[in-house]
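Set out below in structure tokens:
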């Protein structure tokens, strides 16, 4: 599958997700979070890696806060509790 201009696929309207690609090894999802919105605490069934495309957010992982900005990447283990607070309009790719 070929997708161009991935950041342009989603508007900043609340919290939006779009599946970019999936296969037997991993799934790639673009997530857009409007400034002031929060992705509530949850877990992933698999290990995951995120890459920030746009904006700033606090990523809370197992009670520790990490400030994220464009170009930052972060990995975390399956079943680790995490949440995202968008400080500005925020967009990331999630690989899991």
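Numbering (the UniProt record's numbering), first residue to last: 1 to 96.
C-beta atoms are modelled at their ideal positions from N, C-alpha and C, and glycine is treated no differently.
Bear in mind that the values here come from a model prediction, so they are computed numbers and not experimental data.
Leaving out the 5 sequence neighbours to the left and right, which residues in its chain are closer than 7 Å to residue i when beta-carbon positions are compared?
{"i": "residue 88", "result": "35, 55 and 56"}
{"i": "residue 51", "result": "73, 92 and 93"}
{"i": "residue 61", "result": "76, 80 and 82"}
{"i": "residue 37", "result": "14, 15 and 86"}
To the nearest whole angstrom, what separates the beta carbons of residue i and residue j, a pair I think is in contact under 8 Å?
{"i": "residue 84", "j": "residue 33", "result": "6 Å"}
{"i": "residue 49", "j": "residue 12", "result": "About 23 Å; that fails the 8 Å criterion."}
{"i": "residue 30", "j": "residue 17", "result": "7 Å"}
{"i": "residue 59", "j": "residue 53", "result": "About 14 Å; that fails the 8 Å criterion."}
{"i": "residue 44", "j": "residue 78", "result": "6 Å"}
Does DSSP put residue i in a helix, in a strand, or in coil?
{"i": "residue 71", "result": "coil"}
{"i": "residue 94", "result": "strand"}
{"i": "residue 9", "result": "helix"}
{"i": "residue 39", "result": "strand"}
{"i": "residue 23", "result": "coil"}
Report the rounded CA-to-CA distance for residue i versus residue j, giving the unit in angstroms.
{"i": "residue 41", "j": "residue 4", "result": "31 Å"}
{"i": "residue 19", "j": "residue 25", "result": "15 Å"}
Excluding the five sequence neighbours on either side, which residues of its own chain have a C-beta within less than 6 Å of the C-beta of residue i, listed in chain order?
{"i": "residue 8", "result": "none"}
{"i": "residue 90", "result": "33, 55 and 57"}
{"i": "residue 71", "result": "none"}
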